[in-house]
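Participant:
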Amino acid sequence: MDARDKQVLRSHRLELGAEVLVEGLVLQYLYQEGVLTENHVQEIKAQATGLRKTMLLLDILPSRGPKAFDAFLDSLQEFPWVREKLEKAREEAVVELPAVKFEEIPEMRYPLAAWKEFPGL
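Next up, the structure:
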């Protein structure tokens, strides 16, 4: 799953948990499409509440390959309002890159050091 899709799932985690998505066909569809293994399905079903089931699904999905997010969207046929919200969020998502100081980049470190040694240049 790419960074943008992971960000969308992370930023909508609580909303998705409130929908209790795993009680319908979502798990079976994801299993059918090979996104989830039989062990995943059993582990999710073993959770005590719908919220815990959904949270575990959201924990598993990001590590299930590049097609996992699209398959998840496809599985939401019973929840078209959730699917629409995620699709919109995906279109609007901007992946934030981690901030890096120039001093941490080897190629940038040396030119900065040279300027400090020769302030008259």
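Residue numbers (this note's numbering): 95 to 215. By construction, the Cβ of each residue, glycine as well, lies at the ideal position given by its N, Cα and C atoms. It should be emphasised that the depicted structure is a prediction, and the values quoted were computed from it without experimental measurement.
Quick one: Cα of alanine 165 to Cα of threonine 131, how far?
Facilitator: 14 Å
Participant: With DSSP run on the structure shown, which of helix, strand or coil describes aspartate 164?
Facilitator: helix
Participant: Let me check understanding here. Comparing Cα to Cα, which of Leu155, Val114 and Tyr123 lies closest to arginine 146?
Facilitator: The shortest Cα separation from arginine 146 among Leu155, Val114 and Tyr123 belongs to Val114.
Participant: Taking the straight line between their C-alpha atoms, what separation do you get for leucine 167 and alanine 97?
Facilitator: 16 Å
Participant: Could you give the first and the last residue of the continuous alpha helix (DSSP H) run that contains glycine 111?
Facilitator: DSSP places glycine 111 in the uninterrupted alpha helix (DSSP H) bounded by 107-112.
Participant: With a 10 Å radius around its C-beta and 16 neighbouring C-beta atoms as the bar for buried, classify serine 169 as buried or exposed.
Facilitator: buried
Participant: Would you say leucine 155 and isoleucine 138 are within 8 Å of each other, going by their C-beta atoms?
Facilitator: no
Participant: Let me check understanding here. Comparing Cα to Cα, which of Asn133, Met95, Lys161 and Pro174 lies closest to glycine 253?
Facilitator: Residue coverage of the chain in this structure runs from 95 to 215, which leaves residue 253 outside it and unanswerable.
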